[in-house]
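Residue numbers (my numbering): 5 to 73. One structure is given below, encoded as structure tokens.
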Amino acid sequence: MFEICLRTADAGGDATGVLSDHELWGNLFAVPYVERHPDLAWVVEAEDGRTIGYIVATDGHLRVLRLVP
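Here it is as structure tokens:
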């Protein structure tokens, strides 16, 4: 997930070098959803086992952002 976030964080393009911490993209865009609802997170794998996509969801976006307890 981190690699995919990095490779798509710049308006769908590669954000390598935009920030010094490449994991920040994943921590912003994917990890909060996976941590809150691992049952609503899926990884798409190619036949060779490489991760090529992911889907994350939540039952309430405000709770993920910790704006609502």
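Idealized CB from N, CA, C, for every residue including glycine.
Straight-line Cα distance separating residue j from residue i
i	j	result
L21	A45	At residue 21 the sequence reads Gly, which differs from the Leu that was named. Rounded to whole angstroms, G21 to A45 spans 27 Å at the Cα level.
P42	G17	26 Å
A50	I56	6 Å
V35	D52	24 Å
S24	D63	32 Å
V72	R54	Note that V72 scores 49 on pLDDT, short of 50, meaning its location in the model is unreliable; the coordinates nonetheless yield the value given after this. One C-alpha to the other measures close to 36 Å.
Proximity to residue i [Cα-Cα], best of the options
i	options	result
V60	G53, A19, H26, V38	V38
Supposed contact pair residue j and residue i - C-beta distance, whole angstroms, cut 8 Å
i	j	result
A13	W29	4 Å
L10	A19	6 Å
Suppose only complete runs of 3+ residues qualify. What are the beta strand (DSSP E) ranges in the segment 25–50, listed by chain order? Here the runs fully enclosed are 45–49.
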